[in-house]
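Q: Quick mapping for you: the protein sequence lines, in order, are chains H and L. Take the first sequence: its letters are residues 44 to 320, numbered as in the working numbering. Take the second sequence: its letters are residues 33 to 444, numbered as in the working numbering. This is the structure, below, for whatever I ask next.
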Amino acid sequence: MTKARIDARFAALKAEGRAAFVTYIMAGDPDYATGLEILKGLPAAGADVIEVGFPFSDPMAEGPPIQRAALRALDNGMTLSKTLAMIAEFRQGDQTTPIILMGYANPLINRGFETFARDAGQAGVDGLIVVDIPPEEADPLADALDAEQLSLLLLSTPTSDDARLKVILRRTSGFAYYVSVAGVTGVKEADADVVAPHVERVRAASGLPVAVGFGIKTPERAAAIARVADGVVVGSALVEEIATGLAMNEPVTDRVLSKVESLAKAVRSARVESLSV
Amino acid sequence: MKLQSPVNAPAKPNDYTAYPDAAGRFGDFGGRYVPETLMPLVHDLDAAYSAAKADPAFQAELSSFLTHYVGRPSPLYYAERLTEHFGGAKIYLKREELNHTGSHKINNCMGQILLARRMGKTRIIAETGAGQHGVATATVCARFGLPCVVYMGAVDVERQKPNVFRMNLLGAQVEPVTSGSATLKDAMNEALRDWVTNVHDTYYLIGTAAGMHPYPEMVRDFQSVIGQETRRQVMEMEGRLPDAVVACVGGGSNAIGLFHPFLNDEGVQLFGVEAAGEGMETGKHAAAINGGRPGVLHGNMTYLLQDDEGQITEAHSISAGLDYPGIGPEHSWLHDVGRATYLTATDTESLDAFKLCAELEGILPAIESAHALARLPDVAKQVGKGGIVVLNLSGRGDKDVATVAAHLGRTI
Chain H
44 MTKARIDARF AALKAEGRAA FVTYIMAGDP DYATGLEILK GLPAAGADVI
94 EVGFPFSDPM AEGPPIQRAA LRALDNGMTL SKTLAMIAEF RQGDQTTPII
144 LMGYANPLIN RGFETFARDA GQAGVDGLIV VDIPPEEADP LADALDAEQL
194 SLLLLSTPTS DDARLKVILR RTSGFAYYVS VAGVTGVKEA DADVVAPHVE
244 RVRAASGLPV AVGFGIKTPE RAAAIARVAD GVVVGSALVE EIATGLAMNE
294 PVTDRVLSKV ESLAKAVRSA RVESLSV
Chain L
33 MKLQSPVNAP AKPNDYTAYP DAAGRFGDFG GRYVPETLMP LVHDLDAAYS
83 AAKADPAFQA ELSSFLTHYV GRPSPLYYAE RLTEHFGGAK IYLKREELNH
133 TGSHKINNCM GQILLARRMG KTRIIAETGA GQHGVATATV CARFGLPCVV
183 YMGAVDVERQ KPNVFRMNLL GAQVEPVTSG SATLKDAMNE ALRDWVTNVH
233 DTYYLIGTAA GMHPYPEMVR DFQSVIGQET RRQVMEMEGR LPDAVVACVG
283 GGSNAIGLFH PFLNDEGVQL FGVEAAGEGM ETGKHAAAIN GGRPGVLHGN
333 MTYLLQDDEG QITEAHSISA GLDYPGIGPE HSWLHDVGRA TYLTATDTES
383 LDAFKLCAEL EGILPAIESA HALARLPDVA KQVGKGGIVV LNLSGRGDKD
433 VATVAAHLGR TI
């Protein structure tokens, strides 16, 4: 099942001839009000698609930046319910930017997949990534999301061979997400030359746009990935702006959005520059 | 005191030993909830373990090391003075604390290191709580010349210093983990982060019968030597099976190793004892079944300590080895179908049992095993005179003397 907002956004970007810039932030980091302010500012700063993390106490696939972001959010009382409330507030002012929720299984299991899918659909969520629900365990969740026309995005990784890709993509809709490095978020750096053939492989196997994430921190690297993929995901580098802003007692919203602007500019001009060279 | 089975239990299976199924499920529990990067590795491990399990050469090699290196079989010892003291059933202690490295943990480590070698893995990682599994892992890595990294919560590094030094002496690198509550669950998170980063050469040697399939099955199988020997030994000594067996439960590997060969013997009651910490009513405990709800953590669906929003809450126990917010999935299932009964023991009760065992039997039990000892009078009384109870003395207490001294207000 596919959510229309995701398809429409990728179709529009394809017509523009550029990759999507996908931003990740942790809901409620550092607190609800600031998190909402950042969320509302992302589209104008250049985010084409927004991933919103919902915090979990034991984020086993995250590197230190997103681990700390989850702790900041949890310490300030963030929950899955408040994450959905925040997205509903965002939707009052933005009907077109796709929102993908990203997190771990237990808060969803705790709520019940059907209840969660209904609430998420009503809040204006378009898709879901659950780090610790692989295809083998995905059917009950995928069924619940299908019923609400929400996309489930199962991750492809450097350990996914062609046979495994078929298993992963069977219930994937919206767009395909290729994890560029074997590792946790925000540690190893992605290499566009290494990633390119895998993007082709995932694109051929899925027939979907392919976004690449994990290990993209700088405008240069974002531009390099934007030349070979249909989307570029940046998370830890944005979350670190919040940490730095807090440490330096500076307004974090401005820091994050200005980082988004510089990365978005690099993504938007990547293919133009490569053509003119 | 709760010695009754749950009332609304699912239907009982015909063969309790037929689990997990191909998807790694014990009823609703278990499964493979891991990041996609690890899934091909988990499938490889499953295939490699299935092949090894069926290979007589692998089993013979394991058996030889268990005999000559670990020191098996461990004795089944009639604890005459504890029996007299409690005045109920005859009490036998399964002396796992006499194994090389001082606990049952080596049974599993020996099995897994032979499997890792067979798979051609060249680097071993592990998590540890009390340090018993870390020491056992460091030991087998030294024996087979493989580099070893042990993740250990910073809080546990502090309260189990002798074991940290033992691991260092054995050549292992101990990585203190400061994230989260800095205990066993966080050490497991960090080990998983290492594994997902080092997918080509690294074998993750999990220390308990929990985590993603096939670990709960594999660790149970390697620990089942405890129950198999107990069965044989009690038949030799008493000519019949025991009426009850008792073991402490954190992740639950010593308990499932003892229970498993008795699962289809309905006359043998199975008692697991969870850590009640400062008391169940205080909320400061580590009793996943008695104080938790089903959920997903570290690769498996199982009973977990969690808040109303599904966030994992911190476990509390005097025992670093039981200080974990989850429990192996087979225990969750045995609880739900009513085959095993899960009791609790507080820090204080366990300290009292520690002292009693030392004074009456001349054995310092691990503070983990002392939790099982703490419920022994209740079980011995329920079974009654003429009955037989076997308790798994899963580890020795030398590592705990500083902790016990601190609680007794003594400095050493």
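Virtual Cβ for every residue (Gly too), placed ideally from N, Cα, C. In this text, all values refer to a predicted model and were calculated from it rather than measured experimentally.
Just verifying my parser: in three-state terms, what is the DSSP assignment at L:VAL369?
A: Coil.
Q: Do L:ASN139 and L:LEU202 have their C-beta atoms closer together than 8 Å?
A: No, the Cβ-Cβ distance between L:ASN139 and L:LEU202 is not below 8 Å.
Q: Which residues in chain H sit within 9 Å of L:ALA55, going by Cβ to Cβ distance?
A: Ordered by position in chain H, the residues that pass the 9 Å Cβ test against L:ALA55 are GLU179 and GLU180.
Q: Is the CB of L:PRO52 under 8 Å away from at least one CB in chain H?
A: Output row for L:PRO52: interface = no.
Q: Give me the Cα-Cα distance between L:GLY447 and H:ALA272, rounded to the nearest whole angstrom.
A: The structure shown does not extend to residue 447 of chain L, since chain L is modelled only from 33 through 444, so no value can be given for it.
Q: Can you give the Cα-Cα distance for H:MET44 and H:LEU188, rounded to whole angstroms?
A: Annotation note: pLDDT 42 at H:MET44 (below 50); position unreliable, coordinate value reported separately. Roughly 8 Å separates the two Cα atoms.
Q: Taking Cβ-Cβ distances below 8 Å as the criterion, which residues of the region 63 to 77 of chain L are in contact with chain H?
A: Of all residues in the region 63 to 77 of chain L, GLY63, ARG64, TYR65, VAL66, PRO67, GLU68, THR69, LEU70, MET71, PRO72 and LEU73 have a Cβ within less than 8 Å of some Cβ in chain H.
Q: Against chain H, with Cβ distances strictly below 8 Å, would L:SER37 count as a contact?
A: With a pLDDT of only 47 at L:SER37, under 50, the local geometry of the prediction cannot be trusted, and no value is derived from it.
Q: Per DSSP, what are the beta-bridge partners of H:ILE68 in this structure?
A: According to DSSP, which records beta bridges pairwise, H:ILE68 is partnered with H:VAL95.
Q: Which partner residues does H:PRO178 have in the DSSP bridge list?
A: DSSP, once it has assigned bridges, lists no residue as partnering H:PRO178.
Q: Please report the straight-line C-alpha distance between L:ASN131 and L:PRO107, rounded to a whole angstrom.
A: Straight-line Cα distance between these residues: approximately 10 Å.
Q: With distances taken between CB atoms, is the gap from L:ALA174 to L:LEU237 smaller than 8 Å?
A: Cβ atoms of L:ALA174 and L:LEU237: not closer than 8 Å.
Q: Which one or two residues does DSSP pair with L:ILE138 in a beta bridge?
A: For L:ILE138, which the question treats as bridged, DSSP gives no partner whatsoever.
Q: So, for H:ARG214: in the same chain, excluding its five sequence neighbours on each side, which residues have a beta-carbon less than 7 Å away from its beta-carbon?
A: Hits under 7 Å: PRO178, ALA181, ALA185, LEU195 and LEU197.
Q: For L:PRO357, count neighbouring C-beta atoms within 10 Å of its own C-beta (all shown protein chains included) and say buried if the count is 16 or more, exposed if not.
A: Under this definition L:PRO357 is a buried residue.
Q: In angstroms, rounded to a whole number, what distance separates the CA positions of H:GLN165 and H:LYS46?
A: Cα to Cα, the separation comes out at about 13 Å.
Q: Compare the C-alpha of L:GLU129 against each of L:ILE145, L:THR115 and L:TYR109 and name the closest.
A: Per the Cα distances, L:TYR109.
Q: Could you name the residues of chain L that H:ILE211 contacts, counting a contact when the two beta carbons are closer than 7 Å?
A: What H:ILE211 touches in chain L: GLU68.
Q: Can you look up L:ALA434 in the DSSP assignment and give me helix, strand or coil?
A: Here L:ALA434 sits in helix by DSSP.
Q: What residues from chain L crowd round H:THR140, counting only those whose CB sits closer than 7 Å?
A: Near H:THR140 there are no residues of chain L at all, since even the closest Cβ is about 26 Å away, more than 7 Å.
Q: Taking H:PRO98 and H:ALA113 to be in contact with their CB atoms under 8 Å, please state how far apart those CB atoms are, rounded to whole angstroms.
A: Contact holds; Cβ gap of about 4 Å.
Q: Return the CA-CA distance between H:VAL110 and H:PRO102, expressed in angstroms with no decimal places.
A: In the sequence as presented, Val is not what sits at residue 110 of chain H; that position holds Gln. So the two alpha carbons sit approximately 6 Å from each other.
Q: Determine, using beta carbons only, whether L:VAL281 and L:LEU302 come nearer to each other than 8 Å.
A: Against a cut-off of 8 Å, the Cβ pair of L:LEU302 and L:VAL281 comes out as no contact.
Q: Return the CA-CA distance between L:GLY243 and L:ASN200, expressed in angstroms with no decimal places.
A: Rounded to the nearest angstrom, the two C-alpha atoms are 26 Å apart.
Q: Please classify H:LYS57: is it buried, with 16 or more other beta-carbons within 10 angstroms of its beta-carbon, or exposed?
A: Under this definition H:LYS57 is an exposed residue.
Q: Check whether the region 358 to 373 of chain L and the region 328 to 344 of chain L touch, using three or more Cβ-Cβ pairs below 8 Å as the test.
A: The region 358 to 373 of chain L vs the region 328 to 344 of chain L: in contact.
Q: Considering only C-alpha positions, which residue in the set H:TYR221, H:GLY226, H:SER249 and H:THR228 is nearest to H:ALA239?
A: The candidate whose alpha carbon is nearest that of H:ALA239 is H:TYR221.
Q: Provide the residue span of the beta strand (DSSP E) that contains H:ALA219, from first to last.
A: Unbroken beta strand (DSSP E) run through H:ALA219: 219 to 222.
Q: From L:GLU393 to L:LYS413, what does the alpha carbon distance come to, in whole angstroms?
A: Computed Cα separation, rounded: 19 Å.
Q: Rounded C-beta distance between H:TYR147 and H:ASP175? I'm assuming under 8 Å.
A: Sure, about 5 Å apart at Cβ, within 8 Å.
Q: Taking 6 Å as the limit between beta carbons, can you name the residues of its chain near L:VAL196, skipping five residues before and five after?
A: Within the same chain, L:VAL196 has close Cβ partners VAL189 and VAL206.
Q: Would L:THR449 count as contacting chain H if we go by Cβ distances under 8 Å?
A: Given a span of 33 to 444 for chain L in the structure shown, any question on residue 449 of chain L remains unanswerable.
Q: What are the residues of the region 110 to 126 of chain L that lie near chain H, defined by any Cβ-Cβ distance shorter than 8 Å?
A: The residues in question: there are none.
Q: For the region 148 to 173 of chain L, which segments carrying the beta strand (DSSP E) assignment without a break, of at least 3 residues, lie completely within its bounds, in sequence order?
A: For the region 148 to 173 of chain L, whole beta strand (DSSP E) runs of length 3 or above, ordered along the chain, are 155 to 160.
Q: If you run the structure through DSSP and keep just helix, strand and coil, what is L:THR133?
A: DSSP places L:THR133 in helix when its eight states are reduced to three.
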